[in-house]
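Worksheet: the structure to be examined is printed underneath.
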Amino acid sequence: MLPSNSQTEAQQIFNYLSRLVAMANANRALMDGTMEPVRKIIEEADFVCAVWQDAKRPYGVGTLTIKGATLLRNVSANNVGVRCLVDAIPCDSLEQALALQGQGPKADVLN
2 MLPSNSQTEA QQIFNYLSRL VAMANANRAL MDGTMEPVRK IIEEADFVCA VWQDAKRPYG
62 VGTLTIKGAT LLRNVSANNV GVRCLVDAIP CDSLEQALAL QGQGPKADVL N
């Protein structure tokens, strides 16, 4: 059994991923086969993740930061919270998510 602080962390991760999946699922209805809905999501949010099903990842969810890596680095470095608009884009695979990474600010990637 995991220590109680690990259970709390695991629950926080699960809750975070659940919210991202819900956002991505809601945005799936906006997808019209063009890049315009994707561009709009990226433009209007401060932090955007690509989300896809991945049985090899924890909780079966793969994520990739599309926009907001600099924001995350600053929050982590300064140990402060910020208010920001978070959104998620549904993807079919890691490859599709990687292709979307080029749609965000060029210097705004984690890896």
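Quick note: the sequence shown uses the working numbering, first residue 2, plus one each step.
Cβ coordinates follow ideal geometry from the N, Cα and C atoms, glycine included.
Distance CB(residue i)-CB(residue j) smaller than 8 angstroms
i     : j      : result
Thr66 : Cys92  : no
Val46 : Val81  : Looking at the sequence itself, residue 46 is Ala, so the reference to Val does not match. Not closer than 8 angstroms, so no.
Val22 : Leu101 : no
Ile42 : Asn28  : yes
Delimiting residues of the beta strand (DSSP E) encompassing residue i
i     : result
Val87 : 87 to 91
Ala51 : 48 to 54
Straight-line Cα distance separating residue j from residue i
i     : j     : result
Ala11 : Gly63 : 16 angstroms
Pro59 : Arg20 : 15 angstroms
Trp53 : Asn79 : 30 angstroms
Arg1  : Gly34 : With the chain covering 2 to 112 only, the question about residue 1 has no answer from this structure.
Met32 : Leu18 : 21 angstroms
Ala98 : Ala70 : 15 angstroms
Residue i - containing alpha helix (DSSP H), residue span
i      : result
Asp73  : The identity of residue 73 in the sequence shown is Leu, whereas the question assumes Asp. Here the alpha helix (DSSP H) through Leu73 covers 70 to 79.
Val39  : 37 to 45
Ala100 : 95 to 102
Reference residue i, options the options, closest by Cα
i      : options                     : result
Leu95  : Val83, Ser77, Leu72, Ala56  : Ala56
Met24  : Gly103, Arg74, Ala89, Gln97 : Ala89
Arg74  : Asn16, Ala98, Phe48         : Phe48
Gly103 : Ile14, Leu72, Lys68         : Lys68
Ile14  : Met36, Gly61, Glu37, Ala30  : Gly61
Beta-ladder partner(s) of residue i, from DSSP
i     : result
Gly63 : Trp53
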